[in-house]
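Trainee:
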Amino acid sequence: MAHRVTLIPGDGIGPELAEASRRVLDATGIGFEWEVVDAGEAVMEQYGTPLPDHVLESIKRNKVALKGPITTPVGEGFRSVNVTLRQALGLYANLRPARSIKGIETRYEDVDLVIVRENTEDLYAGIEHRVGPDAAESIKIITRAASERIARFAFEYSVANGRRKVTAVHKANIMKLTDGLFLESCRTVAADYEGRVEFEDRIVDNMCMQLVQKPDLYDVLVLPNLYGDIVSDLAAGLVGGLGVAPGANIGIDAAVFEPVHGSAPKYAGQDKANPTALILSGALMLRHLGYPADADRLEAAVRDTIASGVTTYDLGGTAGTAAFADAVVERLVAGVDAAAGAAR
Ligand code: NAD
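Take any residue in the sequence shown, note its place counting from 1, add 21, and you have its number in my numbering.
#1: Counting by C-beta, which residues lie closer than 5 Å to a heavy atom of the ligand NAD, in chain order?
#2: Under 7 Å Cβ to Cβ from Pro236, same chain only, skipping five residues before and after it: list those, please.
#3: Quick one, are the C-beta atoms of His282 and Gly264 less than 9 Å apart?
#4: Leaving out five residues on either side along the sequence, give the residues of the same chain with a beta carbon under 7 Å from the beta carbon of Leu38.
#5: Can you give me the start and stop residues for the beta strand (DSSP E) that Asp222 sits inside?
#6: At which residues does the alpha helix (DSSP H) containing Pro36 begin and terminate?
#7: Could you spell out the range, first to last residue, of the beta strand (DSSP E) harbouring Pro118?
#8: Specify, as a first and last residue, the run of the alpha helix (DSSP H) that Leu299 falls within.
#9: How far does the beta strand (DSSP E) with Ala269 in it reach, from first residue to last?
#10: I want to know whether the segment 200–219 touches the segment 159–169 - three or more CB-CB distances under 8 Å.
#11: Rounded to whole angstroms, what is the Cα-Cα separation between Ala363 and Thr70?
#12: Between Phe203 and the rest of its own chain, which residues show a CB-CB distance below 6 Å, the 5 nearest in sequence each way excluded?
#13: Does Ala294 come out as helix, strand or coil in the three-state DSSP assignment?
#14: Identify which residue in Ala275, Asp325, Gly290 and Ala41 has its Cα closest to the Cα of Gln108.
#15: Do Asp315 and Thr49 count as a contact pair if the criterion is CB distance below 9 Å?
#16: In this structure, how does DSSP classify Ile136 when only helix, strand and coil are distinguished?
#17: Please list the terminal residues of the continuous alpha helix (DSSP H) segment that includes Ile160.
#18: Alpha carbon to alpha carbon, how far is Val45 from Tyr312?
#19: How close, in whole Å, do the beta carbons of Val58 and His75 come, if the pair is a contact with beta carbons under 8 Å?
#20: Go through the segment 168–247 residue by residue and report every complete run of the beta strand (DSSP E) that reaches 3 residues or more, in order.
#21: Determine the DSSP secondary structure at Ala340, reduced to helix, strand or coil.
#22: Would you report the Cα separation of Ile51 and Leu310, rounded to the nearest angstrom?
#23: So what's Thr127 in DSSP terms, helix, strand or just coil?
#24: Between which two residues does the beta strand (DSSP E) harbouring Leu28 extend?
#25: Kindly indicate the opening and closing residues of the alpha helix (DSSP H) around Arg318.
Structure representation (structure tokens):
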């Protein structure tokens, strides 16, 4: 039976990456039926909103979506579709793995980090207003329920995936009440996993410095929304940049798989952008759907493609988006040895 998946191509470089990823996922042979729906500025005129109800309904019905990036106007205009989507569907956990890929020149060879970002509150709750003409205020919301829920997600993920340590990242020395509550909640949950998964905490500024200097000291990081957004880009930078950084937004009833990167408008329509991040987000989707062996196969094909020197501009190569996808499809069809590819 084919899996019905909502596909939101997004805008900017999104549509070409979505097309490339769809071809690669189809080549796994699993069988997908793609329900393509649009969101963002392009649909504003027709629906009066960048996130029409039928898009949310499609994801609720299918329970999984693969999504390209969507542009958010800066400083004015509509609210981020990405943030709204996560809040509307209760996608409380944002999972962003950052793992080295052989063939990509970076400062370290063996980075293997998993960023778990709280996805529904913090300063991203979007409660802000002007206080007169020359001041503005934003409210940082942190609740025990959401903090314990994301901490539990990080520990459960660690147990299920054989990870050794969870590090809670915060600024509780300054924001004693909000980040203090986040840290306290993480400690509460950590007690349930004592002896199985180690726990420690770090202040976010120190964490950034440590990640740049000694990423091997860390394993799974759990962070409130804003720090999670920033630190996951830092982690992406350690393994080759935004072009290779996948992500998943997971809730109780639905999950949306999307890369860490944005819509990179200056490269739109040029067949230049790297589809790796969206393809690897597709691999996270396969794991979520219960196809771990196929996810391994897909990741191996991507790793083998990059290791063989077929890369897009951001990694110093000359392959276009479609040509990179062709090379991955070729390997999937030929059945690249998953163990060999995964070792790369
Ligand atoms: P961006 O991620 O679009 O681009 C940052 C840099 O990374 C640029 O130099 C870009 O060319 C490069 N880059 C990004 N993805 C790449 C890829 N796949 N291949 C090669 N190079 C790639 O970030 P930005 O410029 O800050 O944001 C652009 C727009 O995207 C904004 O409107 C922002 O709000 C939006 N955005 C959306 C999402 C999302 O949909 N989840 C996430 C982040 C940003």
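For glycine and all other residues, C-beta sits at the position ideal for the given N, C-alpha and C.
Mentor: Reading it off the structure:
#1: In chain order, the hits are Pro90, Ile91, Thr92, Thr93, Asn103, Leu263, Gly264, His282, Gly283, Ser284, Ala285, Ala294, Asn295 and Asp335.
#2: By the criterion of a C-beta distance shorter than 7 Å, Pro236 is surrounded in its chain by Tyr129, Val132, Leu134 and Leu259, once the five residues flanking it on both sides are discounted.
#3: Yes. Within cutoff.
#4: Here the set comprises Gly89, Ala294, Pro296, Leu299 and Thr342.
#5: Where Asp222 is concerned, the enclosing beta strand (DSSP E) stretches over Glu219 to Ile224.
#6: That run of the alpha helix (DSSP H) goes Gly35 to Asp47.
#7: That run of the beta strand (DSSP E) goes Ala114 to Arg120.
#8: Element bounds for Leu299: Thr297 to His309.
#9: Ala269 to Ile271 is the span of the beta strand (DSSP E), which, as asked, contains Ala269.
#10: The segment 200–219 makes contact with the segment 159–169, as at least three CB pairs between them are under 8 Å.
#11: With a pLDDT of only 49 at Ala363, under the threshold of 50, the placement of this residue in the model should not be trusted; the figure read from the coordinates follows. Distance between the alpha carbons of Ala363 and Thr70: 42 Å.
#12: Within the same chain, and ignoring the five residues on either side of Phe203 in sequence, the residues whose Cβ sits closer than 6 Å to its Cβ are Ile163, Ser168, His191 and Pro245.
#13: Coil at Ala294, not helix or strand.
#14: Checked all of Ala275, Asp325, Gly290 and Ala41; the closest Cα to Gln108 is Ala275.
#15: A Cβ-Cβ contact shorter than 9 Å links Thr49 with Asp315.
#16: The DSSP-derived three-state label of Ile136 is strand.
#17: Per DSSP, Ile160 belongs to no alpha helix (DSSP H) and is neither H nor E.
#18: CA-CA distance, Val45 to Tyr312, rounds to 15 Å.
#19: In this structure, Val58 and His75 form a Cβ contact; the two beta carbons are roughly 7 Å apart against a cut-off of 8 Å.
#20: For the segment 168–247, whole beta strand (DSSP E) runs of length 3 or above, ordered along the chain, are 186–191, 219–224 and 241–244.
#21: Coil.
#22: Cα to Cα, the separation comes out at about 11 Å.
#23: The DSSP-derived three-state label of Thr127 is coil.
#24: Counting along the chain, the beta strand (DSSP E) containing Leu28 begins and ends at His24 to Ile29.
#25: Going by DSSP, Arg318 is part of the alpha helix (DSSP H) stretching over Pro313 to Ala328.
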